[in-house]
Amino acid sequence: MNIQILDSWLRDYLNTKANSQKIAKYISLCGPTFDRVRPIKIGGKRDWVYDIEITSNRVDAMSVYGIAREASVILPQFRINANLQKIKISIPPKPKKSLPFKVIANKKLVYRTTAVIVGDIKNWESPDWVKDRLNAAGVRSLNSVVDITNYVMIELGQPMHVFDYNKIRNATIIIRESRRGEKITSFDDKTYSLPGGDIIFKSTDNKIIDLPGIIGTKNSVVDKNTKRFIFFVDNNNAAKIRKTSMSLGIRTVAATLNEKNVDPELGMTAILRALYLVKKICQGQILSKIYDNYPDPIKSKTVQTTHEFISNRLGIEISKIQTTKILDSLGFKPSWSGENLSVTVPSFRNFDVAIPEDIVEEIARIYGYHNLPSILLSGELPENYSGSFKFEEKIKNLLVNYGGIEVYTSSLVSKEKIKGKALKLKNPLGSDSEYLRNSLKHSLIDAAKQNKGEVKPFHLFEIANVYLPLKKGLPEEKMILAGIFVNFSFRKAKGIIESAISDLGIKSTKLVKIRKMSNNNYYYEVEVNALRKLSGINSYVPLAKYPAQVEDISFVLPDKTESGDVYEKIKSVDSNVRKVELAKIYNNSYTFRIWYQSPIKTLNNQEVEKIRNKVTKAVESTFGAKVK
1 MNIQILDSWL
11 RDYLNTKANS
21 QKIAKYISLC
31 GPTFDRVRPI
41 KIGGKRDWVY
51 DIEITSNRVD
61 AMSVYGIARE
71 ASVILPQFRI
81 NANLQKIKIS
91 IPPKPKKSLP
101 FKVIANKKLV
111 YRTTAVIVGD
121 IKNWESPDWV
131 KDRLNAAGVR
141 SLNSVVDITN
151 YVMIELGQPM
161 HVFDYNKIRN
171 ATIIIRESRR
181 GEKITSFDDK
191 TYSLPGGDII
201 FKSTDNKIID
211 LPGIIGTKNS
221 VVDKNTKRFI
231 FFVDNNNAAK
241 IRKTSMSLGI
251 RTVAATLNEK
261 NVDPELGMTA
271 ILRALYLVKK
281 ICQGQILSKI
291 YDNYPDPIKS
301 KTVQTTHEFI
311 SNRLGIEISK
321 IQTTKILDSL
331 GFKPSWSGEN
341 LSVTVPSFRN
351 FDVAIPEDIV
361 EEIARIYGYH
371 NLPSILLSGE
381 LPENYSGSFK
391 FEEKIKNLLV
401 NYGGIEVYTS
411 SLVSKEKIKG
421 KALKLKNPLG
431 SDSEYLRNSL
441 KHSLIDAAKQ
451 NKGEVKPFHL
461 FEIANVYLPL
471 KKGLPEEKMI
481 LAGIFVNFSF
491 RKAKGIIESA
501 ISDLGIKSTK
511 LVKIRKMSNN
521 NYYYEVEVNA
531 LRKLSGINSY
541 VPLAKYPAQV
551 EDISFVLPDK
561 TESGDVYEKI
571 KSVDSNVRKV
581 ELAKIYNNSY
591 TFRIWYQSPI
601 KTLNNQEVEK
611 IRNKVTKAVE
621 STFGAKVK
């Protein structure tokens, strides 16, 4: 996931004298990657925007506070002072009268819900500093209340939602799984049909009022007429959020975070931070107690390892004191018993750190991968390639040697490019990639079209799987060789294929059929396994001791007679016909060049004449041809 945050926002939580370039450089060495640092002017002042790439397992770092926490650990490793600042929150006094609110939860779907009701909002529009920070992060400002939820999400990495209290019947939210075909209309007026099994919030009048963790619905959205607001945080079943988000094609920032197991302990902090911002930005009033439903609090995870295990994996020995210091700085709680190390994992890393190797990784990155010694890797030589792989490589090399260009195309295609039965994806990324292809033809045609500006002839080919559905079980996968000749004569295209087939040790030239597509464009397709079964090693043929006699014979062939058949017939007439070539074509007249040669003597004219007569009679009687 990529995030964008302002340098000035980061420094709200990071006390350091390091400039933006050093922050980006050193954090990139040991933590999330800062792709770039770009200057920006806000309110006449210069600031910097960090574009940061964070690996999907590090949801704890996908926020301003998360990056500040990383920086406070990493920068001191480079002798730069850096301290993490506390989050400013507002702990509300217990109100004399609390507005009622109830959540009927399903702990298998939602692990924790935290909510509070506020009202008497004075400022509907956010101040410039909030708008600027949201805008730099790629989020559009809507109104002060919604902006607070987005602000908290970017700042702490905890998605948050706000409901119109008066639109929730009986102030009650019921959490359940959706039924297939149930519909919702999102706040941006898009209608979705739910696939079933999705986490939904509904009211007591059976209306779906939210698709939690992903997107809000229109029937509970806040507007200028809203008097009372419910700030709501839910910690959801991440797998279900991911499945629903992908099924519906809704990829919001909230969904991207929620599908990665956000720390459930963060929910209360997010609510208290939101209340602080409500007071600061909106001068709003708290109208209820904080409703917190957390039936099964997260349990601390402990990982066991040893000093020897850590040293072996790193390739160097890091002292126990240094190991303890690194883990402490990251929020872990290490405890030594002789050479054995027990590490208690903080809640915000509970879904990320699980095995001893994870502990080694944390120590290594903070110690600095650049500080580890460089040792040339050694090991056993890899096994030889399989026979099928070698054969595929041989085909590729042959076709490339004959001027072919190998291409790689996607195995996913649109419905329009499918003929016959094919496998359809349940959750395609788009209409152009909803089927697994059952032929390479359209993929190669598309590749050829991308090169339509090329005037010179070209030959594209591909070796790849096609997928054929079966009545039962998994689909059948067939490895196919296919190619397309563009701006080629049929004779030249056929010559290339026949030469390649011959080089594979295959005697039959009819195995690969070349089909005409349009003027000077030809296509072929064949199973690789069929080629492999027929291929063999070409036997050694000694150099001829005696000279050959060469002559041309022209035949007028009937329409639709294949020259390859005539070629094969001539070759089979006599053992002293050593070689045949199609030398020339003019209308229906085909000139074949024939080599007469004996391995035991020089053929005289009478012997050659006998063979010639056998050739002409065989071609005339078989094909109805006439000697020209």
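Quick note, the sequence shown lines up with residues 1 to 628 if you use UniProt numbering. Each residue gets a CB set at the ideal place from its N, CA and C atoms; glycine is no exception. Since the model is a prediction, treat every value here as computed from it, not as a measurement.
Please go through the same chain and pick out, in chain order, the residues whose beta-carbon is closer than 6 Å to the beta-carbon of K333, but skip the five residues on each side of it. Here residue 333 refers to the residue found at position 333 of the sequence shown. Correct list, in chain order: T344.
Mapping DSSP to helix, strand and coil, what is R365? Locating residue 365 in the sequence shown gives position 365, counting from the first residue. R365 falls in the helix class under three-state DSSP.
Anyone know if the C-beta pair for A61 and G157 falls short of 9 Å? Position 61 of the sequence shown, counted from the start, is the residue given in the question as residue 61. Position 157 of the sequence shown, counted from the start, is the residue given in the question as residue 157. Cβ distance < 9 Å, so A61 and G157 count as in contact.
Should H442 and V413 be called a contact, given that it needs their Cβ atoms to be closer than 9 Å? If you number the sequence shown from 1, residue 442 lands on position 442. If you number the sequence shown from 1, residue 413 lands on position 413. Contact: yes.
At the level of alpha carbons, what is the spacing between K17 and I23? As a first step, residue 17 is located in the sequence shown; it is residue number 17 there, counting from the start. As a first step, residue 23 is located in the sequence shown; it is residue number 23 there, counting from the start. Cα-Cα distance, rounded: 10 Å.
Express the C-alpha separation of S245 and E177 in angstroms, rounding to a whole number. Stepping through the sequence shown from its first residue, residue 177 is reached at position 177. Stepping through the sequence shown from its first residue, residue 245 is reached at position 245. Cα to Cα, E177 sits roughly 14 Å from S245.
Let's see if you can read the secondary structure: which residues bound the alpha helix (DSSP H) around D432? What you label residue 432 is simply residue 432 of the sequence shown in a count that begins at 1. Element bounds for D432: n/a, residue is neither H nor E.
Kindly indicate which three-state DSSP category A254 falls into: helix, strand or coil? Taking the first residue of the sequence shown as 1, we reach residue 254 at position 254. If DSSP states are grouped into helix, strand and coil, A254 belongs with the helices.
Would you kindly check if the distance between the Cβ of T149 and the Cβ of F231 is under 9 Å? For the purposes of this step, residue 231 is taken as residue 231 along the sequence shown, with counting starting at 1. For the purposes of this step, residue 149 is taken as residue 149 along the sequence shown, with counting starting at 1. For F231 and T149, yes; Cβs fall inside 9 Å.
Please name the residue in I316, S300, Y523, V528 whose C-alpha comes closest to that of S388. Counting from 1 along the sequence shown, the entry for residue 388 is found at position 388. The candidate whose alpha carbon is nearest that of S388 is V528.
Host beta strand (DSSP E) of F389 (start-end): Looking up residue 389 in the sequence shown gives position 389. Taken as a continuous stretch (DSSP letters only), F389 belongs to no beta strand (DSSP E), being part of the alpha helix (DSSP H) at 387-401.
Is it buried or exposed for D7, if we count other Cβ within 10 angstroms and need 16 for buried? Along the sequence shown, read from residue 1 onward, the residue named residue 7 stands at position 7. Buried is the call here.
Residue closest to Q549, alpha-carbon to alpha-carbon, out of F555, V580, S572: As a position in the sequence shown, residue 549 is number 549, starting the count at 1. The residue with the shortest Cα to Cα distance from Q549 is V580.
Excluding the 5 residues flanking Y590 on each side, which residues of the same chain have their C-beta closer than 6 Å to its C-beta? The sequence position of residue 590 within the sequence shown is 590, counting from 1. The residues are F555, L557, S563.
By the DSSP assignment, the alpha helix (DSSP H) with E177 in it spans what residues? Here residue 177 is taken as the residue at index 177 of the sequence shown, counted from 1. Note, E177: premise wrong, no alpha helix (DSSP H); beta strand (DSSP E) at 172-177.
Leaving out five residues before and five after T33 in sequence, what residues of the same chain have Cβ atoms less than 6 Å from its Cβ? Counting from one through the sequence shown, the residue named residue 33 turns up at place 33. Excluding positions up to five away in sequence, the list reads E53.
When you compare the segment 191-203 with the segment 244-263, are there three or more beta-carbon pairs, one atom per stretch, that lie closer than 8 Å? yes
Looking at the unbroken beta strand (DSSP E) that takes in E476, where does it start and where does it end? As a first step, residue 476 must be located in the sequence shown, where it is residue number 476. From DSSP, the beta strand (DSSP E) with E476 extends over 476-486.
Here's a check: name, in chain order, each residue in its chain whose Cβ is nearer than 7 Å to the Cβ of K289, leaving out the five neighbours to either side. Sequence index remark: in the sequence shown, residue 289 carries index 289 (1-based). Cβ within range, chain order: K94, P95, S98.
Looking at the unbroken beta strand (DSSP E) that takes in M1, where does it start and where does it end? Counting from one through the sequence shown, the residue named residue 1 turns up at place 1. Run containing M1: none; DSSP gives neither H nor E here.
Alpha-carbon to alpha-carbon, F101 and V145: Counting from one through the sequence shown, the residue named residue 145 turns up at place 145. Counting from one through the sequence shown, the residue named residue 101 turns up at place 101. Going from the Cα of V145 to the Cα of F101 covers about 19 Å.
Starting from residue 636, follow the beta strand (DSSP E) in both directions and report where the run begins and ends. Because the chain spans 1 through 628 in this model, residue 636 falls outside it and cannot be assessed.
Please state if the CB of N340 and the CB of T306 are separated by a distance shorter than 9 Å. Residue 306 sits at position 306 when you count from the first residue of the sequence shown. Residue 340 sits at position 340 when you count from the first residue of the sequence shown. In contact: T306 and N340 (Cβ atoms closer than 9 Å).
Whole-angstrom distance between P297 and F351, CA atom to CA atom: On the sequence shown, position 351 is the one that residue 351 refers to. On the sequence shown, position 297 is the one that residue 297 refers to. The alpha-carbon atoms of F351 and P297 are separated by roughly 14 Å.
Excluding the 5 residues preceding and the 5 following T409 in the sequence, name in chain order all residues of the same chain whose CB lies nearer than 8 Å to its CB. For the purposes of this step, residue 409 is taken as residue 409 along the sequence shown, with counting starting at 1. The residues are L440, S443, L444, D446, A447, E462, A464.
Under 9 Å between C-beta atoms of Y467 and L531: As a first step, residue 467 must be located in the sequence shown, where it is residue number 467. As a first step, residue 531 must be located in the sequence shown, where it is residue number 531. No, the pair does not count as a contact, with Cβ atoms beyond the cut-off.
Counting only runs that start and end within the segment 25-99, where is the beta strand (DSSP E) found for 3 or more residues in a row? 33-42, 45-53, 82-84
Alpha helix (DSSP H) segment containing D503, residue limits: Start at 1 with the first residue of the sequence shown, and residue 503 comes out as number 503. Per DSSP, D503 belongs to the alpha helix (DSSP H) from 490-503.
For W48 and D35, the rounded distance between their alpha carbons: Numbered from its first residue, the sequence shown carries residue 35 at position 35. Numbered from its first residue, the sequence shown carries residue 48 at position 48. Distance between the alpha carbons of D35 and W48 is about 13 Å.
Can you name, in chain order, every residue of its own chain whose Cβ lies under 6 Å from the Cβ of Y291, other than the five neighbours on each side? Counting from one through the sequence shown, the residue named residue 291 turns up at place 291. Correct list, in chain order: F101, A115.
With burial defined as no fewer than 16 other Cβ atoms inside 10 Å of the residue's Cβ, what is the status of I208: buried or exposed? Mapped onto the sequence shown, residue 208 falls at position 208. Counting Cβ neighbours within 10 Å, I208 comes out buried, since at least 16 surround it.
By how many angstroms is the C-alpha of V407 removed from the C-alpha of S347? Residue 347 sits at position 347 when you count from the first residue of the sequence shown. Residue 407 sits at position 407 when you count from the first residue of the sequence shown. Answer to the nearest angstrom: the Cα atoms are 48 Å apart.
Tell me, please, which residues DSSP counts as bridged to W124. Locating residue 124 in the sequence shown gives position 124, where the first residue counts as 1. Bridge partners of W124: none, in fact.
Name the two residues that bound the continuous beta strand (DSSP E) containing Y590. Mapped onto the sequence shown, residue 590 falls at position 590. Y590 -> beta strand (DSSP E) spans 589-596.
May I ask which residues mark the beginning and end of the alpha helix (DSSP H) holding K569? Position 569 of the sequence shown holds residue 569. Looking at the DSSP string, the run of the alpha helix (DSSP H) that includes K569 is 563-573.
Residues bridged to D292 [DSSP beta-bridge criterion]: The residue given as residue 292 occupies position 292 in the sequence shown. In the DSSP output, where bridge partners are listed per residue, D292 has T114.
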